[in-house]
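Sequential numbering of the sequence shown, starting at 251, is according to the working numbering.
Let me begin by presenting the structure, written as structure tokens, before commenting on it.
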Amino acid sequence: MDRNVKRKGRLFVISAPSGTGKTTLCRLLMDAFKGISYSVSHTTRKPREGEVQGKDYHFVSIPDFERMIHDGGLVEWAKVHDNYYGTSLAFITDSLENGRDILLDIDVQGAANIRTAYPEAVTIFIMPPSLDALKERLEKRGTDRPEVIATRLGNAVTEMARKEFYTHVIVNDCLETAKNELFSVVRSYLEP
Ligand code: ADP
Ligand code: 5GP
């Protein structure tokens, strides 16, 4: 490769039905691959216990989010489980232009929009072993009310129907196995 040609960053997208273990896997990935930057989304959802402003999400008000949509500040956005979520256009553009690899943890609608804007993106779908296991994980996590869990389970079925559009599908049954599979997929796209 011509050494004067600047390498562009690689864009990884991970989606999964809520409760599958995506956050757990993304955290492990970010710990192990220090060269990958996490795209911190904007959301109107309230922070869960332990979530940090600017690290897990940029928690914003509905009017502020709508202003960002209006001003074209988001490369993609979606309403997921009754809250707005969106990805900063400036962060993506700046990272890729400067050769930084990035990870987006976004839903199936967002992934479809990113695929259109960046066809070279590597998209990974994480599947739960079963709907029963998903329900159990959501209940055990203890962060959502029963009616929220019911909405998330309903949405999971529609989300899983979109898995064929992803470059890779990984089942998170045993966490260690899923982690190893995810790491080897990501490693296969990075330069030695
Ligand atoms: P998501 O980000 O997909 O909503 P989380 O990472 O918050 O999911 O995981 C949901 C719950 O399931 C958490 O309590 C997490 O510790 C647990 N979990 C994650 N992966 C596994 C796994 N392979 N087996 C059992 N429990 C898991
Ligand atoms: P949670 O509320 O559990 O953190 O996230 C709910 C869903 O919103 C998850 O599927 C997560 O991947 C998705 N999500 C988080 N950030 C974004 C984003 O910026 N854009 C889109 N489209 N979805 C997002």
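Virtual Cβ for every residue (Gly too), placed ideally from N, Cα, C.
| Query | Result |
| --- | --- |
| Is it true that the stretch 323–338 meets the stretch 269–285, where meeting means three or more beta-carbon pairs spaced less than 8 angstroms apart? | no |
| Among ALA400, PHE375, GLU316, which has the Cα closest to the Cα of GLU386? | ALA400 |
| Give me, in chain order, the residues of the same chain whose beta-carbon lies closer than 7 angstroms to that of VAL419; leave out the 5 immediate sequence neighbours on both sides. | PHE375, MET377, LYS413 |
| Anyone know if the C-beta pair for PRO267 and ALA406 falls short of 7 angstroms? | yes |
| Taking just the CA atoms, how far does LEU279 sit from LEU346? | 19 angstroms |
| Any heavy atom of the ligand 5GP closer than 6 angstroms to the beta-carbon of TYR335? | yes |
| Within 10 Å of its beta-carbon, does TYR439 have 16 or more other beta-carbons around it, so buried, or fewer, so exposed? | exposed |
| Just curious, the beta strand (DSSP E) that TYR368 is in, first and last residue? | It is not in any beta strand (DSSP E) - TYR368 carries neither H nor E in the DSSP assignment. |
| Whose CA, out of HIS308, GLY300, LEU353, THR343, lies closest to the CA of THR373? | LEU353 |
| Using only CA atoms, which one of ASP355, PHE315, LEU324, SER380 lies nearest to CYS424? | SER380 |
| Using a Cβ cut-off of 7 angstroms (strictly closer), state whether GLU441 contacts chain B. | Note that chain B does not occur in the displayed structure, where there is just one protein chain. |
| Hey, how far is the Cα of THR393 from the Cα of SER289? | 23 angstroms |
| For the beta strand (DSSP E) containing SER287, name the first residue and the last one. | 286–288 |
| Determine, using beta carbons only, whether ASP355 and ILE264 come nearer to each other than 7 angstroms. | yes |
| Where do the N-terminal and C-terminal ends of the beta strand (DSSP E) with GLU326 fall, by residue? | 324–330 |
| In three-state terms, what does DSSP make of ASP355? | strand |
| Measure the Cβ-Cβ separation of GLN359 and ALA383 and say whether it is below 7 angstroms. | no |
| Can you name the residues that DSSP bridges to ASN333? | VAL330 |
| Please report the straight-line C-alpha distance between ARG486 and ALA371, rounded to a whole angstrom. | Residue 486 lies beyond the residue range present for the chain, which begins at 251 and ends at 442; the question has no answer from this structure. |
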